[in-house]
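Numbering (my numbering), first residue to last: 3 to 180.
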């Protein structure tokens with residue numbers, strides 16, 4: 003039985019400049035940015051150095067700690083493992099993009115109310131990893147929450163207050179709530 007070959011999806015054309023950089027366009031926290039970047043630049047460095055969004059932290063720089071977690075097209079990604087050129091045409095959300103008009107996002111409110119942070123270094127990554135879960139499941143079990151944040155290391159809280167914060171955020175984010 004012969005199998006049909008899928009048509010290759012059209013690839014986005016990356017513009018390569020004379021100096022070896024690539025011009026990319028990405029939407030970060032609702033704003034569109036077009037920048038020339040070297041192909042070797044990590045997304046975490048692009049976000050922090052080029053866009054000056056320093057809420058995305060660099061912890062281990064090897065994808066083990068999760069401090070650099072962001073959302074790319076709604077999915078959590080450790081930005082130290084992705085090149086900036088791979089963000090071309092993508093929608094990126096960092097911790098700075100969660101609050102609106104000076105009001106904290108419900109997950110940020112929950113972390114504040116339930117003491118889901120201490121030193122705060124891991125918090126942006128944990129919040130965004132948890133938000134990915136809460137976008138599809140607003141009443142997750144403790145096990146589901148722990149699985150969702152398992153790629154994020156916190157050396158201060160012991161995780162109980164983080165789990166409580168995520169559960170409370172899920173409650174706040176349910177339709178008709180908050």
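All C-beta atoms, glycine included, are put in the ideal place defined by N, C-alpha and C.
**Prompt:** Relative to the alpha-carbon of residue 131, which residue among 87, 76, 177 and 98 has its alpha-carbon at the smallest distance?
**Reply:** On the chain shown, position 129 is the one that residue 131 refers to. When only C-alpha atoms are compared, the closest one is 76.
**Asked** Anyone know if the C-beta pair for residue 32 and residue 126 falls short of 8 Å?
**Response** Walking along the chain shown from the start, residue 32 turns up at place 30. Walking along the chain shown from the start, residue 126 turns up at place 124. No, the Cβ-Cβ distance between residue 32 and residue 126 is not below 8 Å.
**Item:** Neighbourhood of residue 55 by C-beta distance below 6 Å, restricted to the same chain and skipping five residues each side
**Value:** Here residue 55 corresponds to residue number 53 of the chain shown, with the count starting at 1. Cβ neighbours of residue 55 beyond the five flanking positions: 49, 96 and 98.
**Asked** When we look at the beta-carbon of residue 11 and count the other beta-carbons within 10 Å, is it buried (16 or more) or exposed?
**Response** Sequence index remark: in the chain shown, residue 11 carries index 9 (1-based). Bear in mind that the predicted position of residue 11 carries a pLDDT of just 43, short of 50, making it too unreliable to give a figure here.
**Prompt:** Span of the beta strand (DSSP E) holding residue 60?
**Reply:** Position 58 of the chain shown holds residue 60. Residue 60 -> no beta strand (DSSP E), and no H or E assigned at all.
**Message:** Can you check which of these residues, 158, 69 and 51, is closest to residue 124 by C-alpha distance?
**Reply:** Taking the first residue of the chain shown as position 1, residue 124 is located at position 122. It is 69 whose Cα lies nearest to the Cα of residue 124.
**Prompt:** How would you label residue 44, buried or exposed, when you count the other beta carbons within 10 angstroms and need 16 or more for buried?
**Reply:** On the chain shown, position 42 is the one that residue 44 refers to. Result: buried.
**Request:** Just mark residue 7 as buried or exposed, buried being the case when its beta carbon has 16 or more other beta carbons within 10 Å.
**Result:** In the chain shown, counting from the first residue as 1, residue 7 sits at position 5. Unreliable positioning characterises residue 7 in this predicted model, as indicated by a pLDDT of 49, which lies under 50. The coordinate reading is nonetheless provided below. It counts as exposed.
**Asked** Just reading off the alpha helix (DSSP H) that residue 148 is part of, what are its end residues?
**Response** As a position in the chain shown, residue 148 is number 146, starting the count at 1. Note, residue 148: alpha helix (DSSP H), 144 to 150.
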